[in-house]
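With my numbering applied, the sequence shown covers -3 to 142. Comments concern the structure below.
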Amino acid sequence: GGHDDELISRLMMLGFLGLHEETQIPKDCSSAFTVICQRMEQRMAYGHNEQDMVLLHHEVEVEYPDGRPTEKHQATLLEFGKTENGRPTTAMALTVGVPAAIGALLLLQNKVQRKGVIRPLEPEIYIPALEILEASGIKLIERVET
């Protein structure tokens, strides 16, 4: 049943990571956590012709109190890792690092007037950020259905 399938899956993962093998633990591995991290880095690294992908999809239903029809708002982001000049950049690095860099750029250019910890829900942040992201090739596809 389900319990046996879960156990088999866990045992297969232990085997995949080579945790059943009698190998010497590197001196720079100071804990079980670092051993597992190192094994994951070795065994799960992308091959020469492999790349990652980020898929982000949001669906929100909006009900209006004035009787307008319910709307379904959707936003989808699909990004693949890229290789330029023989150097790979993962989709995860692009979709996390580029927005963080844009936030820093907006701060350095004094385009954000608010102080403190700010969520990116303010138009002074998300409008220029989305414009720069789109110019960088990272774009949300948005759709509204009634």
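Glycine residues also receive a C-beta, built at the ideal position from the N, C-alpha and C atoms.
Same chain, Cβ closer than 7 Å to residue i, five either side skipped, listed in chain order
| i | result |
| --- | --- |
| V31 | I21 and C25 |
| M88 | D48 and V50 |
| P95 | A125 and L129 |
| I121 | L102, V108 and I114 |
Closer than 8 Å to chain B by CB, residue i
| i | result |
| --- | --- |
| V50 | Here chain B cannot be found, since the structure has a single protein chain. |
Candidates the options, of which the one nearest residue i by Cα
| i | options | result |
| --- | --- | --- |
| M36 | G14, H44, H54 and L51 | G14 |
| L90 | I128, L117, R139 and N106 | I128 |
| E80 | Q47, H(-1) and L126 | Q47 |
| R152 | Y42, P119, E67 and V113 | Outside the shown range of the chain, which is -3 to 142, sits residue 152, and nothing can be said about it. |
Residue i versus residue j - alpha carbon distance
| i | j | result |
| --- | --- | --- |
| T86 | G63 | 45 Å |
| R39 | R115 | 37 Å |
| R6 | H44 | 27 Å |
| G11 | V92 | 31 Å |
| E57 | P124 | 26 Å |
| K60 | E138 | Note that residue 60 corresponds to Tyr in the displayed sequence, not to Lys. Approximately 20 Å between the Cα atoms of the pair. |
| G3 | M9 | What sits at residue 3 in the sequence shown is Leu, not Gly. Straight-line Cα distance between these residues: approximately 10 Å. |
| L117 | Q109 | 14 Å |
| G(-2) | V113 | 44 Å |
| L104 | F29 | 38 Å |
Close beta carbons around residue i, own chain, < 6 Å, minus the five adjacent residues each side
| i | result |
| --- | --- |
| H53 | T72 |
| E67 | V58, V140 and T142 |
| Q70 | E55 and R139 |
| P65 | T142 |
Which residues DSSP lists as bridging residue i, in chain order
| i | result |
| --- | --- |
| R115 | In the DSSP output, where bridge partners are listed per residue, R115 has none listed. |
| V140 | H69 |
| V58 | E67 |
| P84 | T79 |
I'd like to know if the stretch 96 to 115 and the stretch 2 to 18 are in contact, where contact means that at least 3 CB-CB pairs between them fall below 8 Å. no
Counting pairs of beta carbons, one from the stretch 126 to 136 and one from the stretch 64 to 76, are three or more of them closer than 8 Å? yes
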